[in-house]
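J.:
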Amino acid sequence: MAKATFLEAIRQAQYEEMTRDERVFIMGEDIICNVFGTTTGFVDAFGTERVRDTPISENGFIGAAGGAAMVGMRPIVDATISSFLYPAMDQIMSIIAKSRYIYGGQARLPLVIRSCLFYGNSNAAQHSDRNYSMFMNVPGLKIMVPSNAHDMKGMLKAAVRDDDPVLCFEDSTCWMSKAELPDDPDFLIPLGKGDIKREGSDVSIIAIGGAVPLALKAANDLAAEGISAEVVDPRSLVPLDKELILRSVRKTGRAITVDPAHQTCSAGSEIAAIIAERAFDALRGPVLRIATADTHLPFSPAIEKALYPSPERIVAAARKLVGVRQPENA
Amino acid sequence: MTDGQNDRSLEKYRRMQRIRQFEDLAEAIHAQGEIPGSLHTYAGQEASGVGACMALDDTDYMVGTHRSHGHPIAKGAKLRPLMAELLGKATGICKGKGGSMHLSDFSVGSLGETSIVGSGVPVAAGAALGSKLQGNGRVALCFFGDGATNEGAFHEGMNLAAVWALPAIFVCENNGYAVSTPASATVPVKDVAERARAYGMPSIIVDGQDVDAVEAAVAEAVGRARTGGGPTLVETKTYRYADHAVNMGRVLLDRGGEVDEWRKRDPLALYRAKLIAGGTAAALLDAIEREVADEVADALQFARDSAWPEQAEAFDDVFVDRLPIPDFITA
């Protein structure tokens, strides 16, 4: 085991799975030149049949991944930036999500569509999406949003082996963070299994993707004030580890969701509703949501950053929920 | 004509009869409310589907459209599960979850009949890519209409297949109308086949009422695809007799005497006359028609005798594992 970045975790997961199973291949825009470093050495190892540069035609090549999966292949599609999924909505929604269902189970679509959440860096509204919540609204798509390199590697390997279509969202704010990566070729983290990133007793902070490091920082700051925060990372949104979330909330009696998506119909909103419906008796206050403000993301750095979740907003929400406490020895 | 060719000819006639009679019966019981939802019939286009599919091997792939009854029958699908699907029964080919627009039989290589116009083109390109990567020699054929050729999915799928020299055959069944809008109002070239030039792809225009001509054209495309020559666009000039969907008459522009003119070149009648002129006994063709009538009647009886799907079935096949069933369903 060695420490490696989130991007290196993606590379290792893909490399190991392509080595293990020759049905796995990767395609997308500018794979061969390896823009983000997730396919280093792939052409030498696997050749240009299994490592394919596509035309800029997301609907075409994402749909083709669906067709290839239907005939027994296991494609990984690198769709680069998650806003590039919009031109492919036709194939993602009508073909990839629904084919198995409308053909009564005759179709099987084992494919992974990777794309990054590329926000917070003055890339303006068309390149700053965090759009996993939109895809949660259509049945038939599994959705993963890991928050660190370790989870990324284990979940991506599991996604490649999954017989259902998986959308893999890669939070670019986590790209350079490092973690120990197991080198067991069968290191897998199943989709649908969340993780407690920090134990706590006063408030549950359920954070998604790049919000997890923010929540951990907030939890540190809260600890200094005598507030014990538990940080819950669902890791995958479909399937969602509802039991883990509800268990945590029943323990702490308070819940805050932190989601980099826009607040309206966000994943955090759905989780808040689940908590309100199923753990209402355990709640000692309202479920609070911290998300990105419901506006497009501006280019100017002077006004972009304040729109996203931050440790400060999480701390403030937790204080409000728990009641302001003084450090014990103050 | 050798005996072998004769068998093949009779099979083409049989499959065209199956489509026509299957749909005639479906339309009749739809009118009585026995088939729910909408019905998009294929009548008039039988030679296009059958000719194209007869040029394929059983293991080759085929992707079709919302006008979904003809393609799987042309590819050799059995009628019972298709009719049961139209009635929404558990024994339907899609377990009652697809219906009239999605009759798709994977056991005969049919990879789906999709009702989002043009959306099958990338799927077929992908199936052809899968064949290429697996080196199994299979080709993928995609049916679509003239309307689909204005969709981005069509152009993206064609481009991908061309640039990767995939073993794909794109068959445009040009029936002249996208719902009610004539192709002349929406397709700025005389023939859809011209669009292949933009992708450096060969194209063939063929009389879509002549099943032998369609088979020959598609066979040429299949031969090219199988030997690494890449995709071909085949345009069959054909016609649908009915509205876009049954009972959508009010949106169909007045086609004047056009339908009657096309009926004079009905693909079944043309082929029957050709076979008889070639020495086939009329009685043999009559016998095939009766056999098909029995098959279709049997399919309807099977469908009627079949059970409705269980409510829990609504939660199966979203994923490989069945979804949890909500309380309000089980209560």
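The listed protein sequences derive, respectively, from chains A and B.
Going by our numbering, 248 is the number at position 248 of the first sequence; the sequence numbering is gapless.
Here our numbering runs 1000 ahead of the position in the second sequence, where the first position is 1.
Beta carbons are placed, not taken as given, at the ideal position from N, Cα and C, and that holds for glycine.
Excluding the five sequence neighbours on either side, which residues of its own chain have a C-beta within less than 8 Å of the C-beta of residue 147 of chain A, listed in chain order?
T.: Contacts found: 171, 174, 197, 207, 208, 209, 210, 211, 212, 213, 233 and 235.
J.: Is the region 120 to 137 of chain A touching the region 151 to 161 of chain A in the sense that three or more CB pairs, one from each, lie closer than 8 Å?
T.: No, because fewer than three Cβ pairs between the region 151 to 161 of chain A and the region 120 to 137 of chain A fall closer than 8 Å, the two stretches do not touch.
J.: Quick one, which of B:1176, B:1266, B:1026 and B:1218 has its alpha-carbon nearest residue 1301 of chain B's?
T.: For the residues B:1176, B:1266, B:1026 and B:1218, the minimum Cα distance to residue 1301 of chain B belongs to B:1026.
J.: Would you mind telling me which residues of chain B sit closer than 7 Å to residue 243 of chain A, beta carbon to beta carbon, in chain order?
T.: Within 7 Å Cβ-Cβ: nothing; residue 243 of chain A doesn't reach chain B, min ~12 Å.
J.: In the region 96 to 169 of chain A, which residue ranges form an unbroken beta strand (DSSP E) of at least 3 residues, counting only runs that do not cross its ends?
T.: Entirely contained in the region 96 to 169 of chain A, the beta strand (DSSP E) runs reaching 3 residues are, in chain order, 112 to 117 and 142 to 144.
J.: Have a look at residue 230 of chain A and residue 250 of chain A and give me their C-alpha separation to the nearest angstrom.
T.: Those two C-alpha atoms are separated by around 12 Å.
J.: Run through chain B and tell me which residues come within less than 7 Å of residue 102 of chain A, C-beta to C-beta.
T.: Ordered by position in chain B, the residues that pass the 7 Å Cβ test against residue 102 of chain A are 1094, 1097, 1098 and 1102.
J.: Check whether the region 78 to 88 of chain A and the region 1138 to 1147 of chain B are in contact - that is, three or more C-beta pairs closer than 8 Å.
T.: Contact fails: fewer than three Cβ-Cβ distances are below 8 Å.
J.: Hey, how far is the Cα of residue 50 of chain A from the Cα of residue 1266 of chain B?
T.: When rounded, the distance between both Cα atoms is 47 Å.
J.: Any beta-carbon of chain B closer than 8 Å to the one on residue 263 of chain A?
T.: No, its Cβ sits nowhere closer than 8 Å to a Cβ of chain B.
J.: Mind checking which residues open and close the alpha helix (DSSP H) that includes residue 1318 of chain B?
T.: First-last for residue 1318 of chain B: undefined, no H or E at that position.
J.: Tell me, which residues are paired with residue 73 of chain A by DSSP?
T.: According to DSSP, which records beta bridges pairwise, residue 73 of chain A is partnered with nothing at all.
J.: Can you grab the Cα-Cα spacing for the pair residue 39 of chain A / residue 93 of chain A, in whole Å?
T.: C-alpha separation (whole angstroms): 27 Å.
J.: Please go through the same chain and pick out, in chain order, the residues whose beta-carbon is closer than 6 Å to the beta-carbon of residue 18 of chain A, but skip the five residues on each side of it.
T.: Same-chain partners within the cutoff: 24 and 46.
J.: Does the beta-carbon distance from residue 1021 of chain B to residue 1240 of chain B come in below 8 Å?
T.: Going by C-beta atoms, residue 1021 of chain B is not nearer than 8 Å to residue 1240 of chain B.
J.: Rounded to the nearest angstrom, what separates residue 1129 of chain B and residue 1227 of chain B at their Cα positions?
T.: One C-alpha to the other measures close to 14 Å.
J.: Select from A:254, A:15, A:255 and A:193 the residue whose C-alpha is nearest the C-alpha of residue 184 of chain A.
T.: Comparing Cα-Cα distances from residue 184 of chain A to each of A:254, A:15, A:255 and A:193, the minimum goes to A:15.
J.: Where does residue 194 of chain A land, buried or exposed, given buried means 16+ other C-beta within 10 angstroms?
T.: With 16 or more other Cβ atoms within 10 Å, it is buried.
J.: According to DSSP, which residues form a beta bridge with residue 1142 of chain B?
T.: In the DSSP output, where bridge partners are listed per residue, residue 1142 of chain B has B:1063 and B:1170.
J.: According to the Cβ coordinates, are residue 52 of chain A and residue 77 of chain A closer than 8 Å?
T.: No, these two residues do not count as a Cβ contact at 8 Å.
J.: Against chain A, with Cβ distances strictly below 8 Å, would residue 1029 of chain B count as a contact?
T.: It does not: the Cβ of residue 1029 of chain B has no partner Cβ on chain A nearer than 8 Å.
J.: Can a CB atom of chain B be found closer than 8 Å to the CB of residue 106 of chain A?
T.: Yes, residue 106 of chain A counts as interfacial toward chain B.
J.: Assuming residue 1203 of chain B and residue 1235 of chain B make a contact with CB atoms under 8 Å, what is their CB distance in whole Å?
T.: That belief holds up - the Cβ atoms of residue 1203 of chain B and residue 1235 of chain B are roughly 7 Å apart, short of 8 Å.
J.: What's the gap between the Cα of residue 1307 of chain B and the Cα of residue 1090 of chain B?
T.: Each residue's Cα considered, the two are about 6 Å apart.
J.: For chain B, is any of its Cβ atoms less than 8 Å away from the one on residue 281 of chain A?
T.: By this cut-off, residue 281 of chain A is not an interface position.
J.: Name the two residues that bound the continuous beta strand (DSSP E) containing residue 206 of chain A.
T.: Start and end: 203 to 207.
J.: Between the region 1110 to 1126 of chain B and chain A, which residues of the former have CB atoms less than 7 Å from a CB of the latter, in chain order?
T.: Going along the region 1110 to 1126 of chain B in chain order, one finds 1111, 1112, 1114, 1116, 1119, 1122, 1123, 1124, 1125 and 1126 with a Cβ nearer than 7 Å to chain A.
J.: If you measure from the beta carbon of residue 90 of chain A to each beta carbon in chain B, is any gap under 8 Å?
T.: At least one chain B Cβ lies under 8 Å of residue 90 of chain A.
J.: CA-CA distance, residue 1002 of chain B and residue 1281 of chain B?
T.: Confidence at residue 1002 of chain B is low in this model, with a pLDDT of 45, below 50, so the placement of that residue should be treated as unreliable; the coordinate-derived value is given next. C-alpha separation (whole angstroms): 15 Å.
J.: Is the shortest distance between the beta-carbon of residue 95 of chain A and the beta-carbons of chain B less than 8 Å?
T.: At least one chain B Cβ lies under 8 Å of residue 95 of chain A.
J.: Of all the options A:320, A:97 and A:282, which has the alpha carbon lying nearest to the alpha carbon of residue 290 of chain A?
T.: Considering only alpha carbons, the answer is A:320.
J.: Which same chain residues, not among the five before or five after residue 1313 of chain B, have their C-beta less than 8 Å away from its C-beta?
T.: Cβ within range, chain order: 1090, 1095, 1096 and 1097.
J.: In chain B, what lies closer than 7 Å to residue 99 of chain A by C-beta?
T.: In chain order: 1112.
J.: Residues of chain A with CB closer than 7 Å to the CB of residue 1039 of chain B, please, in chain order.
T.: In chain order: nothing, as chain A lies at least about 17 Å away.
J.: Taking buried to mean at least 16 other C-beta atoms within 10 Å of its own C-beta, is residue 330 of chain A buried or exposed?
T.: Any answer about residue 330 of chain A is weak, because its pLDDT of 47 lies below 50 and its placement is not dependable; what the coordinates show is given next. The residue in question, residue 330 of chain A, is exposed, as its Cβ has fewer than 16 Cβ neighbours within 10 Å.
J.: Return the CA-CA distance between residue 245 of chain A and residue 66 of chain A, expressed in angstroms with no decimal places.
T.: The straight-line gap from Cα to Cα measures roughly 33 Å.
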